[in-house]
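K.L.:
Next up is a structure, given as structure tokens.
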Amino acid sequence: MGFFELLLVLLLVLLFFGAGKLGGLGAGLGKAARGFKDAVSPDRPAARPQPPEPPARELPPGDRR
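Below you can see the structure in the form of structure tokens.
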């Protein structure tokens, strides 16, 4: 497939789905591909670890609201 054919297909997809839906479609496809990679690859963890939340800061007794 040549460059112009690929460009034509991308233009038709953009016209068919619209710019707004195309972004959501790409995000969904990326999540699906990441999930597939995590499920297939045994050496990678299935879920990505979340960074720890900072501890809650306690207010001195005079500053309580």
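Note that the sequence shown covers residues 41 to 105 in my numbering. The beta-carbon is built from N, C-alpha and C at its ideal position, and this holds for glycine as well.
Identify the continuous alpha helix (DSSP H) that holds GLY58 and give its terminal residues.
P.N.:
No alpha helix (DSSP H) holds GLY58; DSSP gives it neither H nor E.
K.L.:
Output the distance between the C-alpha atoms of PHE43 and ALA96, rounded to the nearest integer angstrom.
P.N.:
The straight-line gap from Cα to Cα measures roughly 55 Å.
K.L.:
Tell me the rounded alpha-carbon separation between VAL53 and GLU45.
P.N.:
12 Å
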